[in-house]
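Residue numbers (the numbering used here): 298 to 532. No residue lacks a Cβ here, since even glycine has one placed at the ideal position from N, Cα and C. Each remark here refers to the structure printed beneath this line.
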Amino acid sequence: MGGRNIDFDFCSSEFSFVSWLDDLHLLPLVQISDPFYIKLVKEFYSNLRMVSAQNDEFAISSSVKGQRIYLDARILASILHIPHTGLYIFEHKKWPEVEGFHPNQILSILYPNDPNVHPNMALTTNKLSVDHRLLHHLIVHQILPTGGRYAKLSRMQVFLMWCILSKIEFCFPLLMLKTMVRAFSQKKSVLPFGSILTKVFQHFHIRLEGEVATKLKKEDTYNKSTLNRMGWKKQ
Numbered sequence: 298m299g300g301r302n303i304d305f306d307f308c309s310s311e312f313s314f315v316s317w318l319d320d321l322h323l324l325p326l327v328q329i330s331d332p333f334y335i336k337l338v339k340e341f342y343s344n345l346r347m348v349s350a351q352n353d354e355f356a357i358s359s360s361v362k363g364q365r366i367y368l369d370a371r372i373l374a375s376i377l378h379i380p381h382t383g384l385y386i387f388e389h390k391k392w393p394e395v396e397g398f399h400p401n402q403i404l405s406i407l408y409p410n411d412p413n414v415h416p417n418m419a420l421t422t423n424k425l426s427v428d429h430r431l432l433h434h435l436i437v438h439q440i441l442p443t444g445g446r447y448a449k450l451s452r453m454q455v456f457l458m459w460c461i462l463s464k465i466e467f468c469f470p471l472l473m474l475k476t477m478v479r480a481f482s483q484k485k486s487v488l489p490f491g492s493i494l495t496k497v498f499q500h501f502h503i504r505l506e507g508e509v510a511t512k513l514k515k516e517d518t519y520n521k522s523t524l525n526r527m528g529w530k531k532q
């Protein structure tokens, strides 16, 4: 529910994925370590509604502790200090169809030592490089939460990795808003974006004093000790 974040000093000195995210101005998204408020997160999702913005852009509204929350991609981006421009597409199961995107091409980058990899097979993460695995982890937690399963890559996750590796601007805030709606409509047992929603609550001046805060666990921060536990060894 909370999310994941990186130890910037450690990760930026050891891994390439930090510069990939920096190229698209996405680093603030992976440096959120606020505690989250389970009761308020549940209230946010239980009151969630899709609304039509004046300019027909996708937006959602909710209320927490009697305070109305209104979010579109631009507002969420400003709260998180990330861009809201770029392309948007979402596919649940099939490959996204976008000019310049060829599944074979990105798969050859992700699996350079597997000549048999092809777009129709189930894609696993155990053969990814450490940089690609960490990028996938951050997508799973901070951008397109799936309940924390890492073993397999979805086609949409691969597409997002292609966008980041290719420096293609993608409207991540819009994807996050639609992911919130999907979590609400599917009655997900684990609700996404806990720490991100703390930022949202603060933006809308929702009083957090007296509420029960849940801190992120130590393993929710990618640093030297968590990476060592994942089997990483300094080259």
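For L384, does the count of other Cβ atoms within 10 angstroms reach 16, so buried, or fall short, so exposed? exposed
Based on the DSSP secondary-structure assignment, which residues constitute the bridge partners of A356? V348, D369
In chain order, what are the residue ranges of uninterrupted alpha helix (DSSP H) at least 4 long that sit wholly in the region 432 to 472? 452 to 462
Once the 5 residues before and after K424 are set aside, which same chain residues still bring their CB inside 7 Å of it? Y408, D411
Taking the alpha carbon of P400 as the reference point, which residue from H415, T523, L435, K464 has its own alpha carbon closest? H415
Spatial neighbours of A478 within its chain, please: CB distance less than 8 Å, with the 5 preceding and 5 following residues excluded, ordered by chain position. Before going on, a small fix: residue 478 reads as Val here, not Ala. Excluding residues within five positions, the ones whose Cβ falls inside 8 Å are L345, M347, I357.
Touch check for the region 303 to 321 and the region 483 to 497: three-plus C-beta pairs under 8 Å? no
Pair within 9 Å by beta-carbon distance, V327 and R301: yes
For the alpha helix (DSSP H) that L407 lies in, which residues bound it at each end? 400 to 407
Delimiting residues of the alpha helix (DSSP H) encompassing E340: 335 to 343
Is L488 close to chain B? Criterion is C-beta to C-beta, closer than 9 Å. Considering every chain present, this structure includes no chain B. It has just one protein chain.
Using DSSP's beta-bridge definition, name the partner residues of N520. Its beta-bridge partners do not exist; DSSP assigns none.
Contact under 9 Å by Cβ, Y367 with L494: no
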